[in-house]
Structure formats: C-alpha cells, structure tokens
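Order-wise, the sequence lines are chains A and B. For the first sequence, the positions run 1 to 186 when our numbering is used. For the second sequence, the positions run 1 to 293 when our numbering is used. Yeah, the Cβ is synthetic: ideal placement off N, Cα and C, and Gly gets one too. What follows is a single structure, written as structure tokens, with notes after it.
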Amino acid sequence: MQGDFREHLIVLRKLGVSAIEVKSPEDMSKVDGLIIPGGESTTIGKLMSRNGLDREIKVKHSQGIPIYGTCAGVILMAKEIEGSKQPRLAIADISVARNAYGGQLDSFEADILFQKSKLHSVFIRAPIISRTSKGVEVLAYHKKNPVLLRQGNLLMSTFHPELTQDARIHKYFLGMCSKRMKGKIH
Amino acid sequence: MPDKKSTPRLKQGLAEMLKGGVIMDVVTAEQARIAEKAGAVAVMALERVPSDIRKEGGVARMSNPGLISSIMKAVTIPVMAKCRIGHFAEAQVLEAIGVDYIDESEVLTPADDKFHIDKRNFKVPFVCGATNLGEALRRISEGASMIRTKGEAGTGNVVEAVKHMRRMMQDIASLRKMDSKQLSFYAKQERVPLELVRKVASMQKLPVVNFAAGGIATPADASLMMQLGCDGIFVGSGIFKSSSPLKTAMAIVQATTHYSDAKLIAKASEGLGKAMKGLEISKLETRLQHRGW
C-alpha cells in the first residue's frame, strides 16, 4: 500500500516464496500470511480504512492468519498508540510510543540478540513498545526496550530486517505460515 | 558493536519508507496538519510555494527556522526543508533544527555557481533534483540519499517531470547495452564514479529512491508519474493553490497508492473543484530546472 513493501517482496522471493502486493480487500483472499511493511503509519492507516482493507485484515486475523508488522506495521497492529487517535487495526495487546527515539537524526543501527545469536538491526524513526500484556512474548530486546515480539499468530519488529541481508526473521515468520506456503505482502 | 547513526543505510532507508507516498509543500503549521490528515508521508516546510516564488521573484532562500520548527511541532510525520544549491551553511542550520530530510533545491536561488553541497559531511539525509541519469549520479556521488525529477516547479504543468522521468529510464536502459569500455567512457563524460555506473547498469535502477516532482497538480498526474516508474510523488503548489486543498490532497494520496486503478482515481477526483491554474512552459521567464548541473 505504502512503504518499503518492495524490500519485503525481494526477501520473500529470495526465500522461494510466492509473494504479492496487498492493496485491496480482495487481495487478502489470495494470501496465507501478511506482512505490513515499514512506511508512514498514519498514511497506511488512512488508506486501509478508506477502502476497507482494515476490516478484511481483522476478519482474516480472527481466522488465525499470521501477520508480521515491521515498524509502522507494529504501530498499526497496536491497541494503544500514545497520544494518537490515528486509524489502526488494534489487534495486538501492546502500547507504542511513536518517534520515541526522536527524529531521523536519532535513527540507528544496532546488534541485538535473537535466538542467542547476534542480529544486525536497522531502526528508522522507530517506535518504542511502552507496554505489553500477558500473552505477548518478547523475542529480542535493544538495551531495555522490547524490539521483537510475538502474540499468537502476530509477529512484530520495531526494526527493519528487510533492509539487511539477514533473512532469519522472515524465515521465522514463514515458519509461522508454513502450513500453506503461498504469498503475502502489503 | 556500538550503535551507529547517520549511516548511508539509515539515510536511504528513510526514503524507502516514503515510497508509494506523497510529500506535500506546506507554508504554515495549519497546512501541515491538513497534509497529515490527508495522508501525506512527509511535508516540505517552506515560506512560499514555488508558484508564489515564481510570481513574486526576488532571491528565494531557506525558510525561517522558527517557521520550520513550528511545522515540526505540528505533525508526527517526517518534515523536510529546502536549502539553496551549494549553501552548506543553510544546510547546517536545518540539520541543527533537526529536520528529517534536506532538499538541496533548484526552486531556491542557487548560492554557488560551481559546487553543490558535499552531502557526505552531514548527518541528515539529502534529496536532490535531476533531469537525467548523469545529474542524478553526480548528486548521489556527492552523498544524496534520494533523487527526484526536477520537472518545472510552480507551473502545475507535468510535461517536464514526464520528460525527466522518461529520460532517466531511457538512460538507465541504455547502460545495459554498453560494454565495459563504453561504461567507462560514460562515467568519464558524466564525471561520476565508474563503480556507481556499473551498479546502475546491473541493477537497472537508481541505487536510491526516485520520486517525481515539479508540476504535479492532479490525481491523474500522480498516477501518470507512478506508471512511468517513479517511487512516489512530491506535490508543491498543486494542493494549497487548488480550490479544495484537503480533498485534492486526499485524492492525490489515493491516486499514488492505487495508481493503476483508474476507476478509483475517477471516483477520488469527483467534486475536487478547480485545480491550480498552471503555466505554459514556453512562456516562462525562468526555467528552474536549468539551475544546478
């Protein structure tokens, strides 16, 4: 819809997965998993609510389709966005603070630990997860902040694995979708 | 490894996040809020939109830092601001305010007749205009993290943006047929690093995000530019010089995302009222696109 969907498509295709862009509610019936990319959460949220894609994603979510959000994707999945009423999916039991590290000059690259090994991560005007409920598992931290989380069939990263050559997070997500490997993306 | 900031990956990465979106010129905090409400991915903070700069004449400079800060406070989306070509001190001021992107722009009066800013010296990323591949590569080798067509700003006339986008695509395609001698000749002729030329020849696209700018005034203009292969859209005078800015802005956002869905664009364009008046290119006194080299 808007954002760095092309980078996600490239990673998925490299991993041998068939992947499509999801722009309309009808596209949701063609996929077995969905990635909501990095971008501007206010823009994506508005575009989704204007054509009803948000409702369709929620329906599919209630049927258990795996959804992975990166950066803006996490903001859109969160039930609470601090100080904002912007349109969202509100499907994950977390609170997020937008631009919490600051502006672009505070964007950063860092090494984090994922499954006990080092993962180089790119944070661009990233949100901070300020609260998580029970049932939300933190899979990685940067300093004290949770940056990779899972709640049931939802996966969320405040960083952008699609901007690095390391496909471990995408592989992890594909593991979640592996029952019917078809396509995804937004 | 300690955390790193302002790397090329972070600078170019933010532009990747803006793809498929619309960046809108705003001159007040109120306009910035309207742009955000309409779904802009970023705003360009200015004192005068290009069509007014063109009308009023005089030297066009960086906007007042107070105005830019008030716009930064008004919205949560990224804020860009323009500095004059070659005016690295203006760029330093913009970096000090903390803008998210700087546009070293031909819309303002150039400050240096020989050198563009050495953008590698800055922490903040830059976007620059280009009319063809050579110009784009010169800017990228100076450190630009994002490219846009120059088009002809402030005219509401899309013809020059189309020309520049087509030229860029054609230039990139022609590199594919060149052997290594020809590539090397091209690099020398255009005064750009051979390595960069080789990269573009093999990737068949620019190594950074490429937006359309300069004359885009309607939803159909945005769709046209997206279908020609650009990554997103800058709209300057087209929104706040139209009779219904919010509606026009929303429709251009819709048209940029759903650029191949003509029915949707038709519906989004209904009842927009008058678009900005627009100017004939051949009747212009100043061609902004000829600034910079």
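| Check | Outcome |
| --- | --- |
| 3 or more residues per run - each beta strand (DSSP E) lying fully within the region 32 to 119 of chain B | 42 to 45, 79 to 84 and 101 to 105 |
| Exposed unless 16 or more other CB atoms sit within 10 angstroms - verdict on A:Ile-10 | exposed |
| Assigned exposure category for B:Arg-48 - 16 Cβ within 10 Å defines buried | buried |
| DSSP three-state assignment for A:Tyr-141, whether helix, strand or coil | strand |
| Length of the line joining the Cα atoms of B:Gln-12 and B:Glu-106 | 21 Å |
| Residue burial classification, B:Pro-78 (beta-carbon count within 10 angstroms, cutoff 16) | buried |
| Assigned exposure category for A:Gly-135 - 16 Cβ within 10 Å defines buried | exposed |
| Whole-angstrom distance between A:Ile-57 and A:Ser-24, CA atom to CA atom | 10 Å |
| is_contact[B:Pro-125, chain A] using C-beta, thresh 9 Å | yes |
| A:Thr-42 (DSSP reduced to helix, strand or coil) | helix |
| Residues sharing a beta bridge with A:His-8, DSSP | Answer is none; A:His-8 lacks a bridge partner. |
| DSSP three-state assignment for B:Asn-210, whether helix, strand or coil | strand |
| Range of the contiguous alpha helix (DSSP H) that encloses B:Thr-149 | It is not in any alpha helix (DSSP H) - B:Thr-149 instead sits in the beta strand (DSSP E) that spans 146 to 149. |
| Assigned exposure category for B:Arg-191 - 16 Cβ within 10 Å defines buried | exposed |
| Span separating the alpha-carbon of A:Glu-80 from that of A:Lys-116 | 30 Å |
| Listed by chain order, chain A residues near B:Asp-100 by CB distance under 7 Å | Gly-103 and Gln-104 |
| Burial state of B:Pro-2 (16 or more Cβ within 10 Å) | exposed |
| Beta bridge counterpart(s) of A:Met-156 as assigned by DSSP | A:Gly-69 and A:Leu-149 |
| Close Cβ partners of B:Leu-294 (< 6 Å) along its chain, the five nearest in sequence each way excluded | What is shown of chain B runs 1 to 293, which leaves residue 294 of chain B out entirely. |
| In DSSP terms, what A:Arg-131 is bridged to | A:Ser-95 |
| Contacting positions in the region 127 to 138 of chain A - beta carbon closer than 8 Å to chain B | none |
| Cβ neighbour criterion (16 or more within 10 Å) applied to B:Glu-56 | exposed |
| Beta-bridge partners of A:Tyr-117, as assigned by DSSP | For clarity, residue 117 of chain A is Ser in the given sequence; the question names Tyr instead. Bridge partners of A:Ser-117: A:Phe-114. |
| Alpha-carbon to alpha-carbon, B:Leu-264 and A:His-186 | Note that A:His-186 has pLDDT 49, beneath the 50 cutoff, so the model's placement of it is unreliable and no number is given. |
| At least three beta-carbon pairs within less than 8 Å, the region 88 to 108 of chain A to the region 126 to 146 of chain A | yes |
| Within the region 13 to 57 of chain A, ranges of the beta strand (DSSP E) (whole runs, at least 3 residues) | 34 to 36 |
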